[in-house]
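Undergrad: Just so you know, numbering that gives the first Met the number 0 puts 21 at position 22 of the sequence shown, and the rest follows in order with no gaps.
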Amino acid sequence: MIARFCLAQQPEAWQPPAPEVRQLQALVRRLESLIEMRVAEENRFSSGISIESVRHSLEEHIAYLIEEIKQTERLIRNHINNHPDLKQQSDLLDSIPGIGATTAALLLAEITNFTQYKSARQVAAYAGLVPRERRSGSSVRGRTCLSKIGNARLRKALYFPAITALRCSSFFQQWATGLRERGKCKMAVIGAAMRKLIHLAYGVLKTGKPFDPNWAKTA
0 MIARFCLAQQ PEAWQPPAPE VRQLQALVRR LESLIEMRVA EENRFSSGIS IESVRHSLEE
60 HIAYLIEEIK QTERLIRNHI NNHPDLKQQS DLLDSIPGIG ATTAALLLAE ITNFTQYKSA
120 RQVAAYAGLV PRERRSGSSV RGRTCLSKIG NARLRKALYF PAITALRCSS FFQQWATGLR
180 ERGKCKMAVI GAAMRKLIHL AYGVLKTGKP FDPNWAKTA
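#1: May I have the straight-line CA-CA distance separating residue 202 from residue 208, to the nearest angstrom?
#2: Taking only three categories from DSSP, how would you classify residue 130?
#3: Along the chain, which unbroken stretches of the alpha helix (DSSP H) at least 4 residues long are found entirely within the segment 94 to 125?
#4: Could you tell me whether the segment 155 to 163 touches the segment 66 to 83, using the rule of 3 or more Cβ pairs below 8 Å?
#5: Please list, in chain order, all residues of the same chain as residue 61 whose beta carbon is under 7 Å from its beta carbon, the five residues on each side excluded.
#6: Check residue 184 in the structure and name its three-state DSSP category.
#7: Decide if the segment 109 to 127 is in contact with the segment 177 to 184; the criterion is three or more beta carbon pairs, one per stretch, under 8 Å apart.
#8: If you drop the 5 nearest sequence neighbours on each side, which residues of the same chain put their C-beta closer than 6 Å to that of residue 75?
#9: Taking all protein chains shown into account, decide if residue 87 is buried (16 or more other Cβ within 10 angstroms of its Cβ) or exposed.
#10: Where does residue 50 fall in DSSP's three states?
#11: What number of angstroms, rounded off, separates the C-alpha of residue 17 from the C-alpha of residue 108?
#12: Between the alpha carbons of residue 50 and residue 59, how many angstroms are there, rounded?
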């Protein structure tokens, strides 16, 4: 089946990510694992454990994980700063409301080559952020939701930046007002903001220019 698909569609040959991108991806995913471990241990600590030895062990492990997180964050910053292309791309992404250095690093690590996509919608589809309509025949019409078929790390990473952008950015606030006036619920607006962020990320990296609210109104 794969052979027939390739014969019919003639897809472009897969190119492995550059070594610096593979290293960034390894560091970013290690940071994600460390944060998950810290959260799990903090939840155990706050669950009301009364055995002093266990509490002491948890405290030591949490302290160790916090230091490992800080060290990994430093490694990510240094790695990006030591590679001009990554540094330029990170600065472009950082210009978008809601996207900081941590989210920019994850975007660059998970979307290893923005140039392989022909449109912002293709990038959004890769992240599972395109709308999916629930319909069966002419009688069943469910609420439109995100497809969630794609890179779960990207969706997870864009959730809080989308909330921050909606809360702090006048551009996103004005844009979201139109969605609410059309009857979109809170979660639908957040999902749309996540998709808008990925569209803007594609735009700034494709053009090589930082975020411009006037240009973004038409993006």
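No residue lacks a Cβ here, since even glycine has one placed at the ideal position from N, Cα and C. Treat the numbers as computed from the prediction; the structure is a model and nothing was measured.
TA: In short:
#1: Start at 1 with the first residue of the sequence shown, and residue 202 comes out as number 203. Start at 1 with the first residue of the sequence shown, and residue 208 comes out as number 209. Each residue's Cα considered, the two are about 8 Å apart.
#2: As a first step, residue 130 is located in the sequence shown; it is residue number 131 there, counting from the start. DSSP places residue 130 in strand when its eight states are reduced to three.
#3: 100 to 109 and 119 to 125
#4: no
#5: Indexing the sequence shown from 1 puts residue 61 at position 62. Result list for residue 61: 37, 40, 41 and 44, in chain order.
#6: Position 185 of the sequence shown, counted from the first residue, corresponds to residue 184. Residue state, collapsed to three classes: coil.
#7: no
#8: For the purposes of this step, residue 75 is taken as the residue at position 76 of the sequence shown. Once the five neighbours on either side are set aside, the close Cβ partners of residue 75 are 26 and 104.
#9: If you number the sequence shown from 1, residue 87 lands on position 88. Exposed is the call here.
#10: For the purposes of this step, residue 50 is taken as residue 51 along the sequence shown, with counting starting at 1. Residue 50: coil per DSSP, three-state reduction.
#11: Counted from its first residue, the sequence shown places residue 17 at position 18. Counted from its first residue, the sequence shown places residue 108 at position 109. Going from the Cα of residue 17 to the Cα of residue 108 covers about 11 Å.
#12: By one-based count along the sequence shown, residue 50 stands at place 51. By one-based count along the sequence shown, residue 59 stands at place 60. So the two alpha carbons sit approximately 15 Å from each other.
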